[in-house]
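**Q** FYI, our numbering numbers position 108 of the sequence shown as 237, with every residue one higher than the one before it. Where is the CB? At the ideal position from N, CA and C, for every residue including glycine. The structure presented is a predicted model; accordingly, all values stated were derived computationally and were not measured. Please read through the structure below; I'll follow up with questions.
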Amino acid sequence: MVFLSPEKNMKLGIVEEDIITSAYQAAVGSLNCLDFTSLENVVGLKHPPILRDPDGYKYGWYIRIFPKLFKMFKIGTHTASSIPTIALVWKLLLLATCVLVGSSPPENPIRCTTLNNSSKCTITNSYGAFPDRTTCYAADVVYPTTEEELVSIVAMATKKRRKMKVATRFSHSIPKLACVDGDQGLLISTEYLNHTLHINKSSGTMRVESGVTLMQLIEEAAKAGLVLPYAPYWWGLTIGGIMGTGAHGSTLWGKGSSVHDYVVQLRIVTPAEHADGYATVRDLDDYNQLEFNAAKVSLGVLGVISEVTLKLEPVFKRSITYIEKNDSDLAEQVSKFGKEHEFADLIWYPSQRKTIYRMDDRVPYNISGNAWLDFPGFRSTPSVALAILRLTEEVEESRADADAKCRSAKLTTSALKLSGYGFTNNGIAFTGYPIVGYHNRLQASGSCLKGPENALITVCPWDHRIKGLFFHQTTFSIGLSKVNGFIRDIQKLVDLAPKSLCGVELYNGILMRYVTSSSAFLGKQEDALDFDITYYRSKDPLKPRLFQDILEEIEQIGIFKYGGLPHWGKNRNVAFYGAIDKYENAVDFMKVREMYDPLGLFSSEWSDQVLGLKGGLVIVKEGCALEGLCICSQDSHCAPHKGYLCQQGKVYEDAKVCALATSSYTS
C-alpha cells in the first residue's frame, strides 16, 4: 500500500499510513450512507481507496485532490493529533462519494422564460459555451412525441417560413449545430422521440426513433441478444445526433466504426410545397442512394430524422489488454496496429513519451469473463472534487507552472492505469488483464447520466452549473497514408518543448481511434486515424493558455498541412476553414439539400459558413486566435499585453500562432 505525500510525492512510513487509515475509518464510521456501506460490504474496503489499488478504481480523483485538501486544511505532519482533521477531510470526500451511484443528470440545454417553458428560449450545449461564446435564441420550442406530431410541426413552420433547428436531449456537440438564426426561430427537441419501435432478431435489425440515446439502444438491443458492432464511447449521444455529426467508435475492420454505416433505412421529415401539405416524410435506403448517402451525415440541414433502422449483430465477447510502450516507433506502428486488432485504439502521452496500446478483439462466447466499462471521465463526480481540480489548473495556468502540470498529469495517468482505464473484471474491481466480457458492457459508458437529481452534489465532470472542467476539443482524422508524418511533427514539437503537452495528458492524452472511408457524402473520405485532443480553456476569452502556440500549431498542422477532416460535432472554428472542399461528393450533398429544403429553413448562419455558402466563419477581433475563432495575422489577435504575439510556427512554417515572445523551450 502506498500513499502519496502531498508535499513530496514520496512514500509515507507505516506509522503515517496507519494514521491516515485510522482517520479514514473514523470518517466512515460516522457516516450513515447506504451506498458506501454496501460498497464496503461487497469490496471489503477497510483502508482508504487511495491505499488499495484493487479497490481504488472508483476513486481515482482522490489521488489528485487529497494533497490539495491537505493544503486547504493546513494539515502538516501526519501525527496522531492530526486524525480528527484528516477524518474531516475524508468525511467531506466520502459524503460526496455516498451519492456516486446517482448523479444530478445534465440539465435540459433549452431554457425558456414563459410559464409554460416553451417560448422566449435560449439553447446551449452541455458545456455551457459555444466556440464563440455567443448565446443562441429561439422564439419557441416544441417536444413532439410521434412522427405525426413532428410532421405537423414542420408543416406549420414551413407554411410560415420559420427557421427551424433540431435539438437533442443532452446537446453534446461543441459547435453551433443547434442554433437557429435570429430570435424568432423554432427549436424541435427530440427528447420524447425516444422509443424503440421494433427489433427483428432473425434479421438482426432494430428500428428506433431519433431521440433514442446510445445507452438506450445498447440496453434494448442486448435484451434481444443483439449488439451494435461499433459505437462512440459516450452513452449520452442520440441516434439523430450521431447521424448529424458522423460520430464513431474505433476499427479498420468490416464497414468501419461509423454508426451511420450500419444504418439500413431512415425516415426524415422535410419541408414541402403547399400541394404536399408543407411537410413530407421521406423513406430512404439503398434504393435512394443519392439521398440516403446525403442523409447519413447531414449536419441537421436536410430536415428532422424521425426513425432509424440499424443492422446489428448477435452478442459476442471481447478480450482487452492495455500495454504501455515508448512512443519512439509510434509513427511506424499505428497503421499496422489497427489492422491487427478489431477494436484497437491508442492513448498517447507525448510529454511522457508513452503510448498505451489497446489490444482488443473478439473471443469465443465460452471464454469466461463478465467485465464492465465505467470510464472515470464519464462517471458522476463530486462537485467539490471538480472545483478543486479546476482551481488547481487555473492556478497552474496563472503561474505558468509547467512542472506542476506535468506532476499532476503523471498522477492522473498513473491512477487511470491502476484502475484499468475504467474496466472492471467483474463489475466491482479491476484485477488484471485480460479483461473479458460481453460487447454491450464494454463498448461505451456514461454513468453520470443515471440517477435522480441530488442538488448538484455529483455531476458529469463538464457540467457547467458548477465550477468544473472547461475545455477545448480539437478533433480531426488524418489518412493512414499521411499519419506517420503528423505524429513525427508532434514529436518534433515535444523535442522543442518537452513539457508542452502535459496539459493534454491531464485530460487523458491524445485519444486515437480508427475510422474507414464511408459512402456518406460528409463522412470519412479514406481509412484514417482520428485524433481527439482535449485541453484547458480559460473562462476569460482574452487570457492565453500555457503553451498556447504549441497547441495552435498542432491544430494547424493537422488541419492544413495534412488535410485533416474535422469531427463535425467537436472543434473550434479554425478546424472548419475550407473543410467542405475536402469532401469529394460535397456537390451531391448540396443538391440533396436544395431538393429537400430549398428555402433553407433548417440551415443557419453557422451551417452556411461551414458548407462554404457564406463567409463569417473567421471572426476577426481582439484576441480571436486565443479561442480558435481566427488564425492570427497580427499581434492584436493574440494577447500582446500579456506578451503573446503572432509568430511563425516552430515546425510548420506556414502556421501562425500566438507565442509568448520571451519563451525559450528548453528542459
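Is G566 helix, strand or coil by DSSP?
**A** Residue numbering aside, residue 566 sits at position 437 when the sequence shown is read from its first letter. Strand.
**Q** Relative to the C-alpha of S527, which candidate in A715, F676, E442 has its C-alpha closest?
**A** Locating residue 527 in the sequence shown gives position 398, where the first residue counts as 1. With distances taken between Cα atoms, S527 lies closest to F676.
**Q** With R411 as the anchor, note down where its alpha helix (DSSP H) starts and where it stops.
**A** Within the sequence shown, the letter at position 282 stands for residue 411. Unbroken run through R411 is the beta strand (DSSP E), 408-413; no alpha helix (DSSP H).
**Q** Taking the beta carbon of A401 as the centre, do at least 16 other beta carbons fall within 10 Å, making it buried, or is it exposed?
**A** Translated into the one-based positions of the sequence shown, residue 401 becomes position 272. Its Cβ being crowded by 16 or more others within 10 Å, A401 is buried.
**Q** May I ask which residues mark the beginning and end of the beta strand (DSSP E) holding K483?
**A** Position 354 of the sequence shown, counted from the start, is the residue given in the question as residue 483. 483-492 is the span of the beta strand (DSSP E), which, as asked, contains K483.
**Q** May I have the straight-line CA-CA distance separating K220 from C759, to the nearest angstrom?
**A** Residue mapping note: residue 220 aligns to position 91 of the sequence shown, counting from 1. Residue mapping note: residue 759 aligns to position 630 of the sequence shown, counting from 1. Because K220 carries a pLDDT of 48, less than 50, the predicted location of this residue cannot be relied on, and no value is offered for it.
**Q** Pull up the CB-CB distance for V356 and T319, whole angstroms please, since I reckon it's below 8 Å.
**A** Taking the first residue of the sequence shown as position 1, residue 356 is located at position 227. Taking the first residue of the sequence shown as position 1, residue 319 is located at position 190. Not a contact, Cβ separation roughly 23 Å.
**Q** When the distance is taken between beta carbons, is L515 closer than 7 Å to P590?
**A** The sequence position of residue 590 within the sequence shown is 461, counting from 1. The sequence position of residue 515 within the sequence shown is 386, counting from 1. Closer than 7 Å, so yes.
**Q** If you draw a straight line from the C-alpha of P238 to the C-alpha of N254, how long is it?
**A** For the purposes of this step, residue 238 is taken as residue 109 along the sequence shown, with counting starting at 1. For the purposes of this step, residue 254 is taken as residue 125 along the sequence shown, with counting starting at 1. Approximately 6 Å, taken between the alpha carbons.
**Q** Figure out for me which residue from D678, K711, E236, E681 has the closest Cα to the Cα of G693.
**A** Position 564 of the sequence shown, counted from the first residue, corresponds to residue 693. Ranking D678, K711, E236, E681 by Cα distance to G693 puts K711 first.
**Q** To the nearest angstrom, how far is the alpha carbon of W477 from that of S629?
**A** Indexing the sequence shown from 1 puts residue 477 at position 348. Indexing the sequence shown from 1 puts residue 629 at position 500. Taking the straight line from one Cα to the other gives about 14 Å.
**Q** Leaving out the 5 sequence neighbours to the left and right, which residues in its chain are closer than 7 Å to Y186 when beta-carbon positions are compared?
**A** Here residue 186 is taken as the residue at index 57 of the sequence shown, counted from 1. Low confidence applies to Y186: its pLDDT is 32, below 50, so where it sits in the model is not reliable, and the reading given next is rough at best. Cβ within range, chain order: S548, G549, T553, A558, F559.
**Q** If you count every other CB in all the chains shown that lies within 10 Å of the CB of Q654, and 16 or more means buried, which is it?
**A** Here residue 654 corresponds to residue number 525 of the sequence shown, with the count starting at 1. Q654 should be labelled buried.
**Q** When burial is assigned at 16 or more other CB atoms within 10 Å of the CB, is K743 buried or exposed?
**A** Counting from one through the sequence shown, the residue named residue 743 turns up at place 614. Flag for K743 reads exposed.
**Q** Run the CB neighbour count on Q738, radius 10 Å, all protein chains shown included, and call it buried at 16 or more, exposed below.
**A** Taking the first residue of the sequence shown as position 1, residue 738 is located at position 609. Its Cβ being crowded by 16 or more others within 10 Å, Q738 is buried.
**Q** Touching or not, the segment 683-697 and the segment 719-735, by the rule of three or more beta carbon pairs under 8 Å?
**A** No: fewer than three Cβ pairs fall under 8 Å.
**Q** Using only the alpha-carbon positions, how far apart do G314 and G632 sit?
**A** Numbered from its first residue, the sequence shown carries residue 314 at position 185. Numbered from its first residue, the sequence shown carries residue 632 at position 503. Each residue's Cα considered, the two are about 40 Å apart.
**Q** DSSP state of I517, grouped into three classes?
**A** Stepping through the sequence shown from its first residue, residue 517 is reached at position 388. The answer is helix: DSSP assigns I517 an H, G or I state.
**Q** Roughly how many whole angstroms lie between the Cα atoms of V341 and L431?
**A** On the sequence shown, residue 341 is found 212 positions in, with the first residue counted as 1. On the sequence shown, residue 431 is found 302 positions in, with the first residue counted as 1. About 20 Å.
**Q** For a cutoff of 7 Å on Cβ pairs, would you count I688 as touching chain C?
**A** No chain C is part of this structure, which consists of one protein chain only.
**Q** Is there contact here, the segment 657-669 with the segment 604-611, by at least three beta-carbon pairs under 8 Å?
**A** A contact exists between the segment 657-669 and the segment 604-611.
**Q** What is the C-beta distance between D474 and M641, in whole angstroms, given that I count them as a contact (C-beta under 8 Å)?
**A** For the purposes of this step, residue 474 is taken as residue 345 along the sequence shown, with counting starting at 1. For the purposes of this step, residue 641 is taken as residue 512 along the sequence shown, with counting starting at 1. Indeed, because the Cβ distance is near 6 Å, the residues count as touching under 8 Å.
**Q** In terms of residue numbering, what span does the alpha helix (DSSP H) encompassing G369 cover?
**A** Here residue 369 refers to the residue found at position 240 when the sequence shown is read from its first residue. Per DSSP, G369 belongs to the alpha helix (DSSP H) from 368-374.
**Q** With a threshold of 16 other CB atoms inside 10 Å of the CB of L244, please say whether the residue is buried or exposed.
**A** Position 115 of the sequence shown holds residue 244. Exposed, by the Cβ-count rule.
**Q** Spatial neighbours of I371 within its chain, please: C-beta separation below 6 Å, excluding the five flanking residues on both sides.
**A** Residue numbering aside, residue 371 sits at position 242 when the sequence shown is read from its first letter. The answer, listed in chain order, is V388.
**Q** Distance check for S233 and L322, CA to CA, integer angstroms please.
**A** For this step, residue 322 is matched to residue 193 along the sequence shown. For this step, residue 233 is matched to residue 104 along the sequence shown. Straight-line Cα distance between these residues: approximately 22 Å.
**Q** Quick check: the Cα distance between S457 and G385, rounded to an integer number of angstroms?
**A** Sequence index remark: in the sequence shown, residue 457 carries index 328 (1-based). Sequence index remark: in the sequence shown, residue 385 carries index 256 (1-based). Distance between the alpha carbons of S457 and G385: 28 Å.
**Q** Quick check on T541: does DSSP put it in helix, strand or coil?
**A** Position 412 of the sequence shown holds residue 541. Three-state result, T541: helix.
**Q** What residue range is occupied by the uninterrupted beta strand (DSSP E) comprising R124?
**A** A question about residue 124 goes unanswered here, because the residues of the chain that appear run from 130 up to 796.
**Q** Inspect the CB distances between the segment 431-448 and the segment 325-342 and report whether three or more fall short of 8 Å.
**A** These segments touch.
**Q** Locate the alpha helix (DSSP H) running through L279, then write down its first and last residues.
**A** To locate residue 279, count along the sequence shown from 1; it is residue 150. Looking at the DSSP string, the run of the alpha helix (DSSP H) that includes L279 is 276-288.
**Q** Quick check: the Cα distance between P304 and F705, rounded to an integer number of angstroms?
**A** Numbered from its first residue, the sequence shown carries residue 304 at position 175. Numbered from its first residue, the sequence shown carries residue 705 at position 576. Using only the alpha carbons, I get a separation of about 10 Å.
**Q** In angstroms, rounded to a whole number, what distance separates the CA positions of L774 and H766?
**A** Walking along the sequence shown from the start, residue 774 turns up at place 645. Walking along the sequence shown from the start, residue 766 turns up at place 637. Distance between the alpha carbons of L774 and H766 is about 8 Å.
**Q** Between Y636 and Y664, what straight-line distance do the alpha-carbon atoms span, to the nearest angstrom?
**A** Taking the sequence shown and counting its residues from 1, the one referred to as residue 636 is at position 507. Taking the sequence shown and counting its residues from 1, the one referred to as residue 664 is at position 535. Those two C-alpha atoms are separated by around 7 Å.
**Q** Count the C-beta pairs between the segment 443-463 and the segment 478-486 that are closer than 8 Å, then say yes if the count reaches three, no if not.
**A** Result yes; three or more Cβ-Cβ pairs closer than 8 Å.
**Q** According to DSSP, is R508 helix, strand or coil?
**A** The sequence position of residue 508 within the sequence shown is 379, counting from 1. It is coil, neither helix nor strand.
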